[in-house]
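Taking the working numbering, the leading residue of the sequence shown gets 2, the next gets one more, and so forth.
In what follows, a structure is listed as structure tokens, so that the remarks can point back to it.
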Amino acid sequence: MPSPPLVSAVTRASSPELLGMFVVGALVAIGRGLSWALDLRTVLARRAGAPPVAGPPPGQLRLLGSLLATAGVGLLVVAYVLWRLG
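Right under this line is the structure:
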């Protein structure tokens, strides 16, 4: 008798592909979050002499960026725990 899809998905939860997806997602979230939190786009545009880009206020970008970077760190912790649990 075949196992239900949910049970088979849970038993394969420690597969290398799943852990790789968590790590890649975490690194992307940390990278984009730090970029938003440090407002690199505006800093680089000012150095290049480009006109300012219309967008959300810097405080909002910093808040969202810090939340996104924190979520990335959380994903890294989850990937590590899954890896240690095997």
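Backbone N, C-alpha and C fix where the C-beta goes; we use that ideal spot for every residue, glycine too.
Keep in mind that this is a model prediction, so the values were computed, not measured.
Exercise for the section: Alpha carbon to alpha carbon, how far is Phe23 from Trp84? Give it in angstroms, no decimals. Expected result: Here residue 84 refers to the residue found at position 83 when the sequence shown is read from its first residue. Here residue 23 refers to the residue found at position 22 when the sequence shown is read from its first residue. Distance between the alpha carbons of Trp84 and Phe23: 11 angstroms.
Exercise for the section: Could you tell me how far apart the beta carbons of Ala80 and Leu20 are, in whole angstroms, since I believe they sit closer than 8 angstroms? Expected result: Stepping through the sequence shown from its first residue, residue 80 is reached at position 79. Stepping through the sequence shown from its first residue, residue 20 is reached at position 19. That pair is a contact at about 5 angstroms.
Practice task
Kindly indicate the opening and closing residues of the alpha helix (DSSP H) around Ala51.
Solution key: Position 50 of the sequence shown, counted from the start, is the residue given in the question as residue 51. Premise fails: Ala51 is in no alpha helix (DSSP H) and is neither H nor E.
Problem - Gly73, DSSP secondary structure in three states - result: Residue mapping note: residue 73 aligns to position 72 of the sequence shown, counting from 1. Gly73: helix per DSSP, three-state reduction.
Handout entry: Spatially closest choice to Arg33 from Ala46, Ser67 and Pro58, by CA coordinates
Key = Within the sequence shown, numbered from 1, the residue matching residue 33 stands at position 32. Minimum Cα distance to Arg33 is reached at Ser67.
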